[in-house]
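Going left to right, the sequence shown walks through residues -18 to -1, 1 to 120 as mature numbering (1 follows the signal peptide of the UniProt record, and there is no 0) numbers them. Below: the structure, in structure tokens.
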Amino acid sequence: MHYYAALVLTVITGLTTAALPAQAKNMFLTKHNTARDVAHVPHLAWSAALETYARNWGLKCLWQHSNGSYGENIYSSSPKKNNLTVLARSAADMWLAEKPSGGHYVNMVRNAYKHVGCTIVHCTNAPLNNFVICDYSG
Ligand SMILES: *[C@@H]1O[C@H](CO)[C@@H](O)[C@H](O)[C@H]1NC(C)=O
Ligand SMILES: *[C@@H]1O[C@H](CO)[C@@H](O)[C@H](O)[C@H]1NC(C)=O
């Protein structure tokens, strides 16, 4: 009974439950750290804890910020794309296009941040078929 309820919940919310593959994670890190080189601020390191935080929020499939204690960037697109590396690049490029003063770009290069963790969730509700979230902390 409990197993059945959990299964249904998974089906109607997000569909990605695993950690990001290395190539997608490296895409996020490279995009952030290249921008940080240009902005003359230190590199970010990956945080598995932030990645898990982002994923747990993403799996709720709500087009909102989590409003927790971290900086947070979100991106969504439809229809579903399976290549997580391509999605990581699309999200980061959209945020970078806000340079110099847009909030997503500013999060990417904020000097006070030292860690980033991102996730990509495939929700069934458009426009969240590809839902990308990065969280940031000091
Ligand atoms: C986060 O804050 C925004 C802006 O106030 C609000 O629209 C949104 O519902 C909040 N999200 C949650 C999960 O409370
Ligand atoms: C995803 O796209 C990247 C970058 O174009 C490519 O290197 C990689 O092989 C693709 N992955 C899959 C599983 O198709």
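Where is the CB? At the ideal position from N, CA and C, for every residue including glycine.
Considering only DSSP beta bridges, list what Asn93 is partnered with.
Here residue 93 corresponds to residue number 111 of the sequence shown, with the count starting at 1. According to DSSP, which records beta bridges pairwise, Asn93 is partnered with nothing at all.
Quick one: measure Cβ to Cβ for Asn55 and His86, integer angstroms, because I've assumed they're closer than 8 Å.
By one-based count along the sequence shown, residue 55 stands at place 73. By one-based count along the sequence shown, residue 86 stands at place 104. With 8 Å as the limit, Asn55 and His86 qualify as a contact, their Cβ atoms being about 5 Å apart.
What does Cys105 pair with, by DSSP beta-bridge criteria?
As a working mapping, residue 105 is identified with position 123 in the sequence shown. Among the bridge pairs identified by DSSP, Cys105 is matched with none.
Using only the alpha-carbon positions, how far apart do Ala17 and Trp77 sit?
In the sequence shown, residue 17 corresponds to position 35, counting from 1. In the sequence shown, residue 77 corresponds to position 95, counting from 1. So the alpha carbons of these two residues sit roughly 11 Å apart.
Extent of the continuous alpha helix (DSSP H) to which Asn38 belongs
Numbered from its first residue, the sequence shown carries residue 38 at position 56. Element bounds for Asn38: 30 to 40.
Please tell me whether Leu2 and Cys100 are closer than 8 Å, where the distance is taken between their beta carbons.
On the sequence shown, position 20 is the one that residue 2 refers to. On the sequence shown, position 118 is the one that residue 100 refers to. Yes. Within cutoff.
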